[in-house]
Amino acid sequence: MNEHTHKDCEELLGSLSSYIDGDLNPELCQELEKHLAGCDNCRVVLNTTKRTIDLVHTPIEKPDLPEDVRERLFKRLSLDDYLNLKPN
Amino acid sequence: MNKTMSLEISLEALIAGDRAEFARLVDTYSSPIYRLGLRMLGTPQDAEDVLQNTFLNVFTHLSTFEGRSSLSTWLYRIAANEALMLIRKKKPEVNVDDVQAGENDEDLLPTQFVDWSALPEDELLSGEGKKFLDSAIQTLPESMRIVFLLRDVEGLSIKETADALNLTETNVKTRLLRARMFLRERLSAYYGERMIEE
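If you read the sequences in order, they're chains A and B.
Sequential numbering of the first sequence, starting at 44, is according to this note's numbering.
Sequential numbering of the second sequence, starting at -6, is according to this note's numbering.
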């Protein structure tokens, strides 16, 4: 049976986001990893949080600017002369 | 005809009034700013207003840009302000300035423990899955959503996000954690149900 309490999960959860970003100090990092090794639920929360962030980063989630919106923007900014100069 | 353009924008040329350089700046940042507007306001028309107002403001204030932050952070700051101003105008019931947003610890506690992280990407991002993810992002409270969009969608650092939104880094981290937990919880309920069905 796990020795840790539900309280440990709540406390360490606050560090999860910084842990994923690689922004956690080494002591807390070690404490969190020790906790994760013995807590199935927290490991699931970590894995699924990482995956949530990955999904948001997926390119299909980043549609380009519609061409008609670009045209109106350039006209509003009096940049009509540069409409045919598009970046790669 | 498309000409290749370098991504490096010259601040000197912009300040000197070089129109071609300003056009390059607009092309470099208009997609992310439009996306930000779309996800903050929810309609293409409002996103276009955010986009146009942002660059009109950038053009007007370029000569006063002091370079204390990067050009991109400054642009995101103007865009975020435009989006938040439009929300204040269109949805006065929404408190976009709520500094306590997501500070309630109970909002943070997970209740879903199905591990769907190993599901293949084509299954996670099927048409329906993508739609669900989009709608889940739309249900984030505005003051958390703007932090999440800048940090996790557009890839700004914690410091850049804090600079763009005039928040402390601690506040950005807190809102980001809440936003990620909020989305994780909703995606877990969604994919968890699908795993049980299979």
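For glycine and all other residues, C-beta sits at the position ideal for the given N, C-alpha and C.
Contact belief for B/Arg168 with B/Ser136 at Cβ below 8 Å, rounded distance in angstroms:
7 Å
Collapsed DSSP secondary structure at B/Lys(-4) in the structure displayed
Reliability of the predicted coordinates at B/Lys(-4) is poor, the pLDDT of 39 falling under 50, and no value is obtained from them.
From what residue to what residue does the alpha helix (DSSP H) around A/Gln73 run?
Pro69 to Gly81
Return the Cβ separation of A/Arg94 and B/Gln45 in integer angstroms, given the expectation that the two are a contact with Cβ distance under 8 Å.
Actually they are not in contact, since the Cβ atoms of A/Arg94 and B/Gln45 sit about 36 Å apart, beyond 8 Å.
Over the uninterrupted alpha helix (DSSP H) stretch that includes B/Arg144, give me the two end residues.
Neither: B/Arg144 is in no alpha helix (DSSP H) and is coded neither H nor E.
A/Lys92 versus A/Ser61, A/Leu67 and A/His78, residue with shortest Cα-Cα distance:
The residue asked about is misnamed: residue 92 of chain A is Thr in this sequence, not Lys. With distances taken between Cα atoms, A/Thr92 lies closest to A/Ser61.
Decide if B/Pro113 is buried, meaning its Cβ has at least 16 other Cβ atoms within 10 Å, or exposed.
exposed
Would you say A/Asn68 reaches chain B, if we count a Cβ-Cβ gap shorter than 9 Å as a contact?
no
Do B/Val146 and A/Val99 have their C-beta atoms within less than 9 Å of each other?
yes
For a test of the three-state rule: what should DSSP assign to B/Gly70, helix, strand or coil?
Note that residue 70 of chain B is Arg in the sequence shown here, rather than Gly. In the structure shown, B/Arg70 sits in a helix (DSSP, three-state: H, G or I).
is_contact[B/Met78, chain A] using C-beta, thresh 9 Å:
no
Okay, do the stretch 72 to 80 of chain A and the stretch 116 to 123 of chain B touch, 3+ Cβ pairs below 8 Å being the bar?
no
Identity of the residue in B/Thr154, B/Arg171, B/Tyr183 and B/Arg177 nearest B/Trp67 by Cα
B/Thr154
Can you check whether the C-beta of A/Gly81 is within less than 9 Å of a C-beta belonging to chain B?
no
CB contact check: A/His100 to chain B, cutoff 9 Å
yes
Check this for me: beta carbons of B/Ser3 and B/Asp11, under 9 Å apart or not?
yes
For B/Ser23, the first and last residue of its enclosing alpha helix (DSSP H):
Arg12 to Leu34
Looking at chain A, which residues of the stretch 109 to 123 of chain B have a Cβ within less than 9 Å of any of its Cβ atoms?
Trp109, Ser110, Ala111, Leu112, Glu114, Leu117, Leu118, Gly122 and Lys123
Tell me the residue span of the alpha helix (DSSP H) that contains B/Phe175.
Glu162 to Glu190
Would you grab the beta carbon distance between B/Ala72 and B/Thr36 for me? Rounded to a whole angstrom, and I think it's under 8 Å.
So it is not a contact: roughly 16 Å between Cβ atoms.
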